[in-house]
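Numbered according to numbering that gives the first Met the number 0, the sequence shown spans residues 0 to 436.
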Amino acid sequence: MKITNTLTGKKEEFKTIKENELSMYVCGPTVYNYIHIGNARPVVFFDVVRRYFEFIGYKVNYVSNITDVDDKIILEAEKLKIDEKTLTSVFIDAYVKDSNNLGSLLPTQMPKATEYIEDMIKYIKDLIEAGYAYHSGDAVYFRVSKIHDYGKLSNQVLEDLNVGARIEENTQKESPFDFVVWKNTDFGLRFNSPWGEGRPGWHTECATMNQEIFKDVIDIHGGGSDLKFPHHENEIAHAEALHHHPLAKTWMHVGRLDMDNVKMSKSLGNIILVKDLLKDYEYQAFRLLLLSHHYRQPINYSTELMEQFNHEWQRIKRALKSVFIDISIEYYNTVEYNETSMERFKDQMEDDFNIANALTVVYEEIKNMNRSTELSEKARSYYTILKMLNILGISIEQKRLTDEDIQIYQDWQIARSEKRYSDADQIRIRLVEAGIL
0 MKITNTLTGK KEEFKTIKEN ELSMYVCGPT VYNYIHIGNA RPVVFFDVVR RYFEFIGYKV
60 NYVSNITDVD DKIILEAEKL KIDEKTLTSV FIDAYVKDSN NLGSLLPTQM PKATEYIEDM
120 IKYIKDLIEA GYAYHSGDAV YFRVSKIHDY GKLSNQVLED LNVGARIEEN TQKESPFDFV
180 VWKNTDFGLR FNSPWGEGRP GWHTECATMN QEIFKDVIDI HGGGSDLKFP HHENEIAHAE
240 ALHHHPLAKT WMHVGRLDMD NVKMSKSLGN IILVKDLLKD YEYQAFRLLL LSHHYRQPIN
300 YSTELMEQFN HEWQRIKRAL KSVFIDISIE YYNTVEYNET SMERFKDQME DDFNIANALT
360 VVYEEIKNMN RSTELSEKAR SYYTILKMLN ILGISIEQKR LTDEDIQIYQ DWQIARSEKR
420 YSDADQIRIR LVEAGIL
């Protein structure tokens, strides 16, 4: 298997640290609102990574955190006149529902930041004692100058960063590049600490949870491409400061999903919520859209693009349902796979998760299925397609047919062959309503 490592910028041979075990951490949601379809892209992609490793026999520990203490949460709770815990509880449940509705399995662990506050305080104490952090004014800051290769993930050179634009000016800091690991505040959710009441910085939250859960270097750390700097860069700085080892062996970043070539953002209002999209389209069509583009490349979303993949999914679904009916009528129950196609599918998945090319194998197998005249060949293609789609988190509900269902279907076929189109249309409506067609 080969994966492009963002840290090196190269496609590298990938081997897990422990044989047949995969450790993976993916930055999860800040729960102050519903997720939009741009947020959904990492949810879908890393679900496929997890599914594929499990398919080839790995035990996967997939951790994705929940940021449940943050300025955005506090401001939204204040606006709604409710406490932060009530707000985050609502949107954690909403996130879980949206993830399920997208066809994604929940991560094996979903730690909340608020569950690790004491660990974060200890982490910050250790950073201060080691000379990597300092208390100044109303905050504790990380000394970026102590990390000699800071910027290596995002290829940033500190001297080139524009202080006042990308870097916030602050006279409390020793250097404008230093970042907050703890800030004191008397507003919103806060916790006691040696430096006063306040809350941890976002980067410190993820770095601490990584250390507490995994204890050591992990196989894959992932997230959206917009997290490379400063979030992931600062996570790396934490790990190197305290533990003197990389945070992760391989870094994977998913390209943005833009709307009309503009970054999708709640603040801009150019978003489509997942829950709203799935009122109009089946989740399988949206997954096809996302997975048909290489994960590292951006996607420019449009209604036309969504309609294209909705049409594609309906075509796939009709083909599979048709063969399922043939199998049911003949009581054919031998499950076989086209091993050649499965190997080609695996080759593409293991080439930096080239899912677009893996889907080409699926489409070719659909053509084989449609062209086959022997039921055994059709069935083999059918089960092969289902297996490949399942690895991609795409499933299809197939209603087990009763003798009555089969009789209605055969009546429809007879009416069509006899050109009794009015009767055929009426029977077809019954078949569609029953979920058979």
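Backbone N, C-alpha and C fix where the C-beta goes; we use that ideal spot for every residue, glycine too. Because the structure is a prediction, the values reported are computed rather than measured.
Residue i to residue j span [Cα, whole Å]
i: Thr203; j: Tyr115; result: 11 Å
i: Gly187; j: Thr207; result: 22 Å
i: Tyr133; j: Leu256; result: 38 Å
i: Ile146; j: Met251; result: 22 Å
i: Gln296; j: Leu289; result: 10 Å
i: Cys205; j: Glu196; result: 20 Å
i: Gly480; j: Tyr382; result: Nothing about residue 480 can be reported from this structure: the residues present for the chain run from 0 to 436 only.
i: Asn337; j: Ser380; result: 7 Å
i: Asn38; j: Val47; result: 15 Å
i: Val25; j: Trp411; result: 50 Å
i: Glu53; j: Leu104; result: 12 Å
i: Met331; j: Glu306; result: Note on identity: in this sequence residue 331 is Tyr, with Met being the wrong assignment. In a straight line, the C-alpha of Tyr331 is about 35 Å away from that of Glu306.
i: Tyr280; j: Asn309; result: 7 Å
i: Ser63; j: Met109; result: 5 Å
i: Lys14; j: Tyr122; result: 30 Å
i: Lys111; j: Lys71; result: 16 Å
i: Asp350; j: Arg49; result: 15 Å
i: Lys10; j: Trp201; result: 30 Å
i: Glu364; j: Val334; result: 16 Å
i: Glu211; j: Lys265; result: 32 Å
i: Ser421; j: Leu287; result: 35 Å
i: Lys316; j: Lys84; result: 42 Å
i: His293; j: Gly102; result: 19 Å
i: Tyr61; j: Asn32; result: 23 Å
i: Asp218; j: Asn4; result: 11 Å
i: Thr170; j: Tyr51; result: 49 Å
i: His92; j: Val42; result: For the record, residue 92 in the displayed sequence is Asp; it is not His. Distance between the alpha carbons of Asp92 and Val42 is about 15 Å.
i: Met368; j: Thr7; result: 42 Å
i: Ile2; j: Ser153; result: 17 Å
i: Ala76; j: Leu304; result: 36 Å
i: Ile34; j: Phe44; result: 15 Å
i: Glu181; j: Arg40; result: A small correction: the amino acid at residue 181 is Trp; Glu does not occupy that position in the sequence shown. So the alpha carbons of these two residues sit roughly 30 Å apart.
i: Met119; j: Pro229; result: 19 Å
i: Asp424; j: Thr302; result: 30 Å
Same chain only: Cβ atoms within 8 Å of residue i, ignoring 5 sequence neighbours per side
i: Asn19; result: Gly56, Tyr57, Lys58
i: Ile36; result: Leu256, Met263, Ile270, Ile271, Leu272, Val273, Leu276, Phe285, Tyr300
i: Asn260; result: Asn299
i: Val143; result: Tyr149, Leu157, Ser174, Phe176, Asp177, Phe178, Ala236
i: Val216; result: Ile16, His244, Pro245, Leu246, Ala247, Lys248
i: Lys345; result: Ile55
i: Arg165; result: With a pLDDT of only 45 at Arg165, under 50, the local geometry of the prediction cannot be trusted, and the value read off the model is given with reservation. For Arg165, where only same-chain residues beyond five positions count, there are no Cβ hits under 8 Å.
i: Arg399; result: Ser327
Close beta carbons around residue i, own chain, < 7 Å, minus the five adjacent residues each side
i: Gly150; result: Val156, Leu157, Glu232
i: Leu436; result: Lys320, Arg427, Leu430
i: Thr87; result: Val30, Asp67, Ile72
Cβ neighbour criterion (16 or more within 10 Å) applied to residue i
i: Glu403; result: exposed
i: Ser22; result: buried
i: Gln283; result: buried
i: Glu234; result: buried
i: Leu358; result: buried
i: Arg198; result: buried
i: Glu239; result: buried
i: Ile413; result: exposed
i: Lys377; result: buried
i: Gly27; result: buried
i: Tyr140; result: buried
i: Leu74; result: exposed
i: Leu490; result: Any property of residue 490 remains undetermined from this structure, which presents the chain solely from 0 to 436.
i: Asp69; result: buried
Neighbourhood of residue i by C-beta distance below 6 Å, restricted to the same chain and skipping five residues each side
i: Ile328; result: Ile405
i: Ile354; result: Leu290
i: Asp137; result: Asn183
i: Lys172; result: Tyr140
Beta carbon proximity, residue i to chain B, threshold 8 Å
i: Arg49; result: The structure shown contains no chain B; it holds only a single protein chain.
Check your understanding: Is there contact here, the region 189 to 196 with the region 218 to 232, by at least three beta-carbon pairs under 8 Å?
Key -> no
**Study point:** Stretch-stretch touch, CB-based, cutoff 8 Å, three pairs: the region 381 to 398 with the region 336 to 344
**Key:** yes
Review point. Which residue spans inside the region 216 to 255 form an unbroken beta strand (DSSP E) run of at least 3?
Key: 217 to 223, 247 to 253
Check your understanding: Per the contact definition of three or more C-beta pairs closer than 8 Å, is the region 171 to 181 in contact with the region 94 to 113?
Key -> no
Exercise for review: Would you check if there are 3 or more beta carbon pairs closer than 8 Å linking the region 79 to 87 to the region 8 to 18?
Suggested key: no
Point to revise | Length at least 3, wholly inside the region 284 to 339: the beta strand (DSSP E) runs in chain order | key: 298 to 300
Review point. At what residue ranges does the region 337 to 411 contain a whole run of the alpha helix (DSSP H), taking only runs of 4 or more?
Key: 338 to 348, 354 to 370, 374 to 390
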